[in-house]
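FYI, the numbering for the sequence shown is 1 to 235, going by the UniProt record's numbering.
Glycine is no exception: its CB is placed at the ideal position from the N, C-alpha and C atoms.
Working notes, beginning with the structure itself.
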Amino acid sequence: MNRFRYGLAVVTVVAIGLVVLAVVGRSRSSEQVESPVNSELPRTVTVAPTTPSQVVTPTRAPIYVFPIQGCSASASASHHDYAAADIFVRVGCRFVSPVDGQVDEVSRVDRWDPRTNVGSERGGLAVSVVGRDGVRYYGSHLSTIGAGIRPGVQVRAGQVLGLTGQTGSARFTPAHLHFGISWPTPAERWWIRRGTVPPQAFLAGLRVGRPASPVAAVSRAKATFGSDVRCRSYC
1 MNRFRYGLAV
11 VTVVAIGLVV
21 LAVVGRSRSS
31 EQVESPVNSE
41 LPRTVTVAPT
51 TPSQVVTPTR
61 APIYVFPIQG
71 CSASASASHH
81 DYAAADIFVR
91 VGCRFVSPVD
101 GQVDEVSRVD
111 RWDPRTNVGS
121 ERGGLAVSVV
131 GRDGVRYYGS
141 HLSTIGAGIR
151 PGVQVRAGQV
161 LGLTGQTGSA
171 RFTPAHLHFG
181 ISWPTPAERW
191 WIRRGTVPPQ
201 AFLAGLRVGR
211 PASPVAAVSR
221 AKATFGSDVR
231 CRSYC
């Protein structure tokens, strides 16, 4: 009888041990299954706020070129009645834009009559360009206007604006390009367009490869005389 009870007790202990082991095993199994699931849960990621990159506009000094290309040319040391230069050159040479810019005015018809000698018509065929530097460059007495050259068109330094000639008041003089620099004005102030600052130093610098920008000189002239200088010659 005692042996029977002892055996029963042993069996009971073993059974209880098996139950405990089973429970522990299930718990570990449950942890192993749930762990991958937890690893898939969304994670909170902190991202630095994006800052728009600053757009830096490249700046460079204007490129200047001599207004006559492909021909021998000689610029006058002065002008007879107002600030300008006569660049003597044969007929048919290329008059080019001295700088990157936009075509301002174009005169395609030679209306000059020596009997009346109207000042606004003395230039004959002419083109003016307002450079990216803010200065207006004017050339007149042309024989033809370049293809596609019209007000508002963007041009590059060295682009052909027309061919030299003897239109306007150059009809009875040696062929030359009348060249003037000034600040931009409305079309009716044509006497400013034809020249307000002597361009000789600018042209001389171009000839030797050391161009000096005329911006400062034009700014000083405008500050001195104002934007509406009165016409004083051939008005």
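State the DSSP-derived secondary structure class of residue i, mapped to helix, strand or coil.
| i | result |
| --- | --- |
| G119 | helix |
| R220 | helix |
| F66 | coil |
| V215 | helix |
| G131 | strand |
| C235 | coil |
| S169 | helix |
| H80 | coil |
Going by alpha carbons, who is nearest to residue i out of the options?
| i | options | result |
| --- | --- | --- |
| G70 | G162, A83 and R232 | G162 |
| Q154 | S97, I192 and T185 | S97 |
| G148 | A217, V160, T164 and T196 | V160 |
| W191 | V229, A204 and A221 | V229 |
| R94 | S107, G139 and D113 | G139 |
| A187 | R136, V99 and P114 | R136 |
| V134 | K222, V215, R220 and C235 | It is worth fixing the name first, because residue 134 is Gly in this sequence and not Val. The shortest Cα separation from G134 among K222, V215, R220 and C235 belongs to V215. |
| G205 | V91, V130 and F66 | F66 |
| I63 | G101, S143 and S120 | G101 |
| V99 | G124, V109, A61 and G146 | A61 |
| R108 | G168, L203 and R220 | G168 |
Let's see if you can read the secondary structure: which residues bound the beta strand (DSSP E) around residue i?
| i | result |
| --- | --- |
| R207 | Run containing R207: none in the beta strand (DSSP E); it sits in the alpha helix (DSSP H), Q200 to R207. |
| D86 | A85 to F88 |
| H176 | H176 to S182 |
| R94 | R94 to V96 |
| G101 | G101 to S107 |
| G162 | V160 to T164 |
Here's the rule I'm using: 16 or more other beta-carbon atoms within 10 Å means buried, otherwise exposed. How should residue i be labelled?
| i | result |
| --- | --- |
| R232 | exposed |
| A126 | buried |
| F225 | exposed |
| T116 | exposed |
| S72 | exposed |
| S128 | buried |
| H141 | buried |
| V218 | buried |
| P184 | buried |
| D113 | exposed |
| P199 | buried |
Looking at the unbroken alpha helix (DSSP H) that takes in residue i, where does it start and where does it end?
| i | result |
| --- | --- |
| I149 | Segment: none, I149 is in no alpha helix (DSSP H) and carries neither H nor E. |
| R189 | Segment: none, R189 is in no alpha helix (DSSP H) and carries neither H nor E. |
Review point. Can at least three beta-carbon pairs, one atom from the region 176-187 and one from the region 85-94, be found at a separation below 8 Å?
Key: Using a Cβ-Cβ distance cut-off of 8 Å, the region 176-187 and the region 85-94 are in contact, since at least three pairs of beta carbons, one from each stretch, lie closer than that value.
Check your understanding: Should the region 159-174 be called in touch with the region 196-212, which here means at least 3 C-beta pairs below 8 Å?
Key -> Between the region 159-174 and the region 196-212 there are fewer than three C-beta pairs closer than 8 Å, too few to call the two in contact.
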